[in-house]
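Residue numbers are given in my numbering: position 464 of the sequence shown equals residue 464, and the series is strictly consecutive.
To keep things clear, I will list the structure first and then write my remarks on it.
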Amino acid sequence: MKKVSYLLLIAMLAGLASCGGDAPAAETTAADDTTDAVTTAAAPILPERDLGGKAFRFATYESNLPFFWAEEEIGDIINDAVYKAVSQTEEKYNFKYETIIYGTSNGEVESYVNTTILAGDDAYEMVSGHDGIMWQLSLNDYFVNMRENEYHHFDEAWWMTYANEELMVNGRQHVFSSYMSYKSLSAARCLYMNTKLAKENKIDVPYESVYDGKWTIDQYLGIVKDFYQDANGNSERDAEDVYGWAANKKLYCMQATYVNCYKEGKNGTVSLDFDREKLIDLTAKIGEVLLSSPGGYLTGNEPDPKMFLDGKSLFYCDVLNRMTTEEFRKGDVEYTVLPLPKYDENQAEYITGTVDPHCGIPITCADTDMAHFVVEALSISGYDIVRPAYFDVALSVKFAQNDDMPKMLQIIGDGLTLDMAYLNSSSSGESLGRFIMNALLNGSTDGLASTIESLIPAEQAKIDAINEYFG
């Protein structure tokens with residue numbers, strides 16, 4: 001387990017410009033101006049093989065399926081790339097990709113997996129669900145060790161290194177992320193900025209600060225903290241006014257951009273190791289703006305772009321995939337995207353928190369050899385076909401509103417990271433992995449140091465459980 005910066009190997013087109021279930025469900029892009037994706041050819045790393053028409057059964061929740069599989073081509077860049085990647089792989093290796101929908105919510109994976117595994121039911125070759133729940137289920141010894149199979153080449157680009165190294169402890173890994181799905185990339189957190197509102201108020205879009213490595217949390221909060229307009233003239237702060245940053249309380253993955261609370265030592269054991277002063281300082285600064293300053297406004301618990309799309313917020317924090325949704329496509333807001341700011345200029349690179357509904361091959365799978373083989377094959381085709389269609393064409397060309405956006409997207413994509421402390425935290429109750437989020441939900445940043453101390457015993461117990469399983 002370690003945090004790394006993962007460089008996307010993107011051939012950008014010259015001159016052109018949130019948890020597992022935390023990211024909003026994807027909506028398909030419009031079928032107009034379809035562009036053929038530029039594909040790359042991954043090395044022929046798998047042997048030729050005829051799987052004899054066997055079924056590869058994939059179980060997931062409804063809104064997650066389009067990130068993995070498409071029923072047919074519909075003239076949409078992303079959907080058609082997903083369809084092509086799957087259908088070509090099916091044909092090449094002679095297997096049938098079958099889908100099982102266990103529910104509409106990512107959290108339903110817990111009861112589904114518990115029921116099928118405890119019954120010894122060979123019901124599916126792979127399952128995907130809420131990232132944190134999948135991680136917890138893996139500690140029950142429900143999924144096979146991905147690191148023991150010869151087909152997987154985790155150093156190759158189709159395996160999301162930043163995620164899989166975080167999910168591996170003591171040389172073992174039981175849940176995984178790969179380019180079988182583009183969900184992790186789509187769930188990358190970024191800042192949306194209303195460029196029209198910025199221009200009207202003589203605020204520079206901070207592209208140069210980003211390029212110079214000087215785009216920091218202090219600069220960002222300095223822009224938003226006093227940006228307020230009483231738009232309806234009622235002398236009350238409400239959703240009809242204009243703010244610097246209208247944010248949801250559950251700022252999914254923002255903390256992972258700055259502080260990772262767990263660390264794996266050379267002996268393969270995980271320990272609690274983080275910069276407390278940094279976490280306290282960051283929480284206090286964000287809390288001051290969103291809870292006390294004129295320019296901060298909390299919209300609710302979950303991400304909601306309405307105020308941003310209505311021109312009521314200069315900035316909005318959400319996932320990259322938000323720009324592909326119908327509400328963004330049909331809206332008339334002029335915007336750009338920016339990476340989440342650095343903590344300070346001493347931070348070497350921009351870091352992008354993300355999540356992914358992790359996958360696992362169950363211990364009840366009767367043909368794990370076939371399952372491993374198909375996972376690798378679909379990961380390769382997803383990287384070759386879907387990744388460039390989604391990132392290089394859809395985001396960087398079709399949805400880009402200016403020449404700088406593809407460059408911003410590149411920076412965002414280059415810094416993806418996953419935080420085990422976040423995965424190991426409960427969606428309810430307080431934890432170190434959701435410390436900033438919990439402060440906003442509680443509406444207070446008082447006593448942050450003592451709050452951290454009070455959380456350590458429970459956090460250590462969770463780490464002990466990890467070390468016991470992987471020991």
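Glycine included, every Cβ here is placed at the ideal spot set by N, Cα and C.
Worksheet item: According to DSSP, which residues form a beta bridge with glutamine 229?
Response: Against the sequence shown, residue 229 aligns to sequence position 229. DSSP output for glutamine 229 lists Val242 as bridge partner(s).
Worksheet item: What are the boundary residues of the alpha helix (DSSP H) that includes methionine 420?
Response: Within the sequence shown, residue 420 is the residue found at index 420, counting from 1. Counting along the chain, the alpha helix (DSSP H) containing methionine 420 begins and ends at 420–423.
Discussion item. Cutting at 6 Å between CB atoms, please list the residues of its own chain near tyrosine 179, excluding the five before and the five after it.
Written reply: Here residue 179 refers to the residue found at position 179 of the sequence shown. Excluding sequence neighbours, tyrosine 179 sits near Trp158, Ser379, Gly382, Tyr383, Arg387.
Practice prompt. Look at the Cβ atom of threonine 269, then the Cβ atom of asparagine 467, and state whether they are nearer than 7 Å.
Written response: Locating residue 269 in the sequence shown gives position 269, where the first residue counts as 1. Locating residue 467 in the sequence shown gives position 467, where the first residue counts as 1. Cβ distance < 7 Å, so threonine 269 and asparagine 467 count as in contact.
Worksheet item: Is the number of C-beta pairs between the region 293–303 and the region 450–459 that are closer than 8 Å three or more?
Response: no
Discussion item. Is the separation between the beta-carbon of isoleucine 101 and that of glutamate 62 shorter than 7 Å?
Written reply: For the purposes of this step, residue 101 is identified with residue 101 of the sequence shown, where counting begins at 1. For the purposes of this step, residue 62 is identified with residue 62 of the sequence shown, where counting begins at 1. Yes, the pair counts as a contact, with Cβ atoms nearer than the cut-off.
Discussion item. Can you check which of these residues, Thr325, Asn149, Asn402, is closest to histidine 372 by C-alpha distance?
Written reply: By 1-based counting over the sequence shown, the position of residue 372 is 372. Closest by alpha carbon: Asn149.
Fill in: Span of the alpha helix (DSSP H), counted from its first residue to its last, around arginine 276
What you label residue 276 is simply residue 276 of the sequence shown in a count that begins at 1. Here the alpha helix (DSSP H) through arginine 276 covers 276–292.
Discussion item. So, with DSSP's three-state summary, where would you put glycine 413?
Written reply: Mapped onto the sequence shown, residue 413 falls at position 413. It is helical.
Practice prompt. Return the chain-ordered list of same chain residues with a C-beta closer than 6 Å to the C-beta of serine 431, the five sequence neighbours on each side being excluded.
Written response: Here residue 431 corresponds to residue number 431 of the sequence shown, with the count starting at 1. If we look at serine 431 and ignore the five residues flanking it on each side, its Cβ neighbours are Ser425.
Worksheet item: Applying the criterion that 16 or more other CB atoms from any shown protein chain within 10 Å of the CB defines a buried residue, is alanine 59 buried or exposed?
Response: One-based indexing of the sequence shown puts residue 59 at position 59. Buried, by the Cβ-count rule.
Practice prompt. Just tell me which of Tyr262, Asn301, Glu236 has its CA closest to the CA of glycine 443.
Written response: Residue 443 sits at position 443 when you count from the first residue of the sequence shown. Closest by alpha carbon: Asn301.
Discussion item. Just to confirm my understanding: we take isoleucine 280, look at its own chain, exclude 5 residues before and 5 after, and list those with CB closer than 8 Å. What are they?
Written reply: As a working note, residue 280 is residue 280 in the sequence shown. Excluding sequence neighbours, isoleucine 280 sits near Leu448, Ala449, Ile452.
Worksheet item: Can you list, in chain order, the residues of its chain whose CB lies under 7 Å from that of glutamate 240, leaving out five sequence neighbours each side?
Response: By 1-based counting over the sequence shown, the position of residue 240 is 240. For glutamate 240, same chain residues with a beta-carbon under 7 Å away, outside a window of 5 residues either side, are Ala231, Asn232 in chain order.
Worksheet item: Whose C-alpha, out of Gly53, Ile133, Asp141, is nearest the C-alpha of threonine 364?
Response: For the purposes of this step, residue 364 is taken as residue 364 along the sequence shown, with counting starting at 1. Cα-wise, what sits closest to threonine 364 is Asp141.
Worksheet item: Going along the chain, which unbroken runs of the beta strand (DSSP E) with 3 or more residues stay wholly within the region 148–229?
Response: Qualifying beta strand (DSSP E) stretches, in chain order: 189–194.
Practice prompt. Quick one: using the 10 Å Cβ neighbour count with 16 as the cut-off for buried, is tyrosine 489 buried or exposed?
Written response: In this structure the chain extends from 1 to 471, so residue 489 is not present and cannot be described.
Discussion item. Comparing C-alpha positions only, which one of Leu338, Lys398, Phe435 sits nearest to glycine 415?
Written reply: To locate residue 415, count along the sequence shown from 1; it is residue 415. The closest CA to that of glycine 415, considering only Leu338, Lys398, Phe435, is found on Leu338.
Item to complete: Since I believe leucine 282 is in contact with isoleucine 436 (beta carbons under 8 Å), could you give me their beta-carbon distance rounded to a whole number of angstroms?
Response: Within the sequence shown, residue 436 is the residue found at index 436, counting from 1. Within the sequence shown, residue 282 is the residue found at index 282, counting from 1. The pair is a contact, with the Cβ atoms about 7 Å apart (cut-off 8 Å).
Worksheet item: Residues bridged to tyrosine 262 by DSSP?
Response: Walking along the sequence shown from the start, residue 262 turns up at place 262. Tyrosine 262 is bridged to Leu272.
Practice prompt. Please confirm whether asparagine 164 and glycine 129 have their CB atoms less than 7 Å apart.
Written response: As a first step, residue 164 must be located in the sequence shown, where it is residue number 164. As a first step, residue 129 must be located in the sequence shown, where it is residue number 129. No, Cβ-Cβ distance for asparagine 164 and glycine 129 is not below 7 Å.
Practice prompt. Express the C-alpha separation of aspartate 273 and isoleucine 385 in angstroms, rounding to a whole number.
Written response: Counted from its first residue, the sequence shown places residue 385 at position 385. Counted from its first residue, the sequence shown places residue 273 at position 273. Using only the alpha carbons, I get a separation of about 39 Å.
Discussion item. Taking the beta strand (DSSP E) that tyrosine 102 belongs to, which residues open and close that run?
Written reply: For the purposes of this step, residue 102 is taken as the residue at position 102 of the sequence shown. Start and end: 95–103.
Fill in: Where the alpha helix (DSSP H) through tyrosine 112 begins and ends
The residue you call residue 112 lines up with position 112 of the sequence shown. That run of the alpha helix (DSSP H) goes 109–118.
Worksheet item: How about aspartate 131 and aspartate 356: do their beta carbons lie closer than 7 Å?
Response: For the purposes of this step, residue 131 is taken as the residue at position 131 of the sequence shown. For the purposes of this step, residue 356 is taken as the residue at position 356 of the sequence shown. Contact flag set, yes.
Practice prompt. Could you name the residues of the same chain whose beta carbon sits closer than 6 Å to that of leucine 191, not counting the 5 residues immediately before and after it, in chain order?
Written response: For the purposes of this step, residue 191 is identified with residue 191 of the sequence shown, where counting begins at 1. Counting only Cβ-Cβ distances below 6 Å, and skipping sequence neighbours, we find Phe315, Cys317, Leu338.
Worksheet item: Using the C-alpha atoms, what's the distance from alanine 119 back to glutamine 410?
Response: One-based indexing of the sequence shown puts residue 410 at position 410. One-based indexing of the sequence shown puts residue 119 at position 119. Taking the straight line joining both Cα atoms gives about 46 Å.
Worksheet item: When the Cα atoms are used, what is the spatial distance from lysine 225 to serine 313?
Response: Numbered from its first residue, the sequence shown carries residue 225 at position 225. Numbered from its first residue, the sequence shown carries residue 313 at position 313. Roughly 12 Å between the two C-alpha positions.
Worksheet item: Taking the alpha-carbon positions, what's the glutamate 459 to leucine 418 distance?
Response: For the purposes of this step, residue 459 is taken as the residue at position 459 of the sequence shown. For the purposes of this step, residue 418 is taken as the residue at position 418 of the sequence shown. If I take the Cα positions, the gap works out to 18 Å.
Practice prompt. Mark threonine 115 as exposed unless 16 or more other C-beta atoms lie within 10 angstroms of its C-beta, in which case mark it buried.
Written response: Your numbering for residue 115 matches position 115 in the sequence shown. When all chains shown are included, threonine 115 counts as exposed.
Fill in: Backbone secondary structure at aspartate 464 - three-state DSSP
The residue given as residue 464 occupies position 464 in the sequence shown. Correct three-state label for aspartate 464: helix.
Fill in: Among Leu167, Phe95, Leu46, nearest to lysine 263 - alpha-carbon criterion
As a first step, residue 263 is located in the sequence shown; it is residue number 263 there, counting from the start. For the options Leu167, Phe95, Leu46, the alpha carbon positioned closest to that of lysine 263 is the one of Leu167.
Fill in: Coarse secondary structure for threonine 445, derived from DSSP in three states
To locate residue 445, count along the sequence shown from 1; it is residue 445. In the structure shown, threonine 445 sits in coil (DSSP, three-state: anything other than H, G, I, E or B).
Worksheet entry | Straight-line Cα distance separating glutamine 219 from glutamate 345 | Indexing the sequence shown from 1 puts residue 345 at position 345. Indexing the sequence shown from 1 puts residue 219 at position 219. Distance between the alpha carbons of glutamate 345 and glutamine 219: 11 Å.
Worksheet item: By DSSP, does asparagine 248 sit in helix, in strand, or in coil?
Response: In the sequence shown, counting from the first residue as 1, residue 248 sits at position 248. Residue state, collapsed to three classes: strand.
Worksheet item: Are the CB atoms of arginine 147 and phenylalanine 470 nearer to each other than 7 Å?
Response: In the sequence shown, counting from the first residue as 1, residue 147 sits at position 147. In the sequence shown, counting from the first residue as 1, residue 470 sits at position 470. Cβ distance not < 7 Å, so arginine 147 and phenylalanine 470 don't count as in contact.
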